[in-house]
Amino acid sequence: MHDALLKITGRAEREMSLTFDDLSGVDAEQQIADMSAIDPKRKGAAVRLEGLLSLVGVKVEAAYLGLHASKDDFHASVPLEAVRERGLVIYRIDDGPLDEAAGGPVRFYIPDFAACHTAEVDECANVKFVDWIELTAEKGFDNRPHDGKEHEALHEGEG
Ligand SMILES: Nc1nc2c(c(=O)[nH]1)N[C@H]1C(S)=C(S)[C@@H](COP(=O)(O)O)O[C@H]1N2
Ligand SMILES: [Mo]
0 MHDALLKITG RAEREMSLTF DDLSGVDAEQ QIADMSAIDP KRKGAAVRLE GLLSLVGVKV
60 EAAYLGLHAS KDDFHASVPL EAVRERGLVI YRIDDGPLDE AAGGPVRFYI PDFAACHTAE
120 VDECANVKFV DWIELTAEKG FDNRPHDGKE HEALHEGEG
């Protein structure tokens, strides 16, 4: 599995493109073997955001984390400090990439997210199909739904 699944760019010492094997190869202490232990509705395995950030080296001026899904053009930009220690990147189910129905091959997950559109780090920031994480100095592009009506429209489209 050598296709790049996730690139990390921006305010980093080393921009990187990570494959499934790269994600699996991150230190064991950064791996969460079973997401259902954290949230019974979740499955698969994850790597801590922190583990990925230490690979690329976060520059001091990085203040926001951009989560980009090119697949459906969904984007969130959240304060880095709020997710730096608790953010997870779910990437595996058994021995292969996370399936699309679960938001794979790679999805972001915040264990104790706020209700949709109530805070900067809300459930909507659990971006599915993430193919690009971007470290920025200022808040970046974010097209999460702003209110209940927009949110409803988004979920209707999910089918
Ligand atoms: N790529 C992408 N990620 C997304 C969305 C989306 O439309 N596209 N919806 C978001 C919203 S609004 C919510 S509430 C959660 C829902 O995640 P779940 O379906 O896994 O519960 O995914 C978030 N991640
Ligand atoms: Mo949401």
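Counting from 0, one number per residue, gives the positions in the sequence shown under numbering that gives the first Met the number 0. Ideal Cβ placement from N, Cα and C applies to all residues, glycine included. Note that the structure is a prediction, hence the values are computed from the model and not measured.
Taking all protein chains shown into account, decide if residue i is buried (16 or more other Cβ within 10 angstroms of its Cβ) or exposed.
{"i": "F140", "result": "exposed"}
{"i": "R13", "result": "exposed"}
{"i": "N125", "result": "buried"}
{"i": "P104", "result": "buried"}
{"i": "D71", "result": "exposed"}
{"i": "E60", "result": "exposed"}
{"i": "H74", "result": "buried"}
{"i": "K40", "result": "exposed"}
So if DSSP puts residue i in a beta bridge, which residue, or which two residues, is it bridged to?
{"i": "R143", "result": "Its beta-bridge partners do not exist; DSSP assigns none."}
{"i": "M15", "result": "I7"}
{"i": "D121", "result": "A113"}
{"i": "H74", "result": "H67"}
Find the nearest neighbour of residue i within the set the options, judged by alpha-carbon distance.
{"i": "K58", "options": "L5, E133, A11, F128", "result": "A11"}
{"i": "A3", "options": "P39, Y90, R41", "result": "Y90"}
{"i": "A27", "options": "A44, E119, D130", "result": "A44"}
{"i": "G147", "options": "E137, C123, F128, A136", "result": "C123"}
{"i": "L87", "options": "E155, A100, L64, G95", "result": "L64"}
{"i": "I132", "options": "I92, A36, P78", "result": "P78"}
{"i": "D93", "options": "L5, G9, F19", "result": "F19"}
{"i": "S53", "options": "E149, H145, L134, E151", "result": "L134"}
Can you give the beta carbon distance from residue i to residue j, rounded, assuming they're within the 8 Å contact cut?
{"i": "D111", "j": "S69", "result": "Between S69 and D111 the Cβ distance is about 28 Å, and since that is not below 8 Å, they are no contact."}
query = Among all residues, which have a Cβ less than 6 Å from at least one non-hydrogen atom of ligand 2, and in what chain order do they fall?
reply = C115, E122, C123, H150
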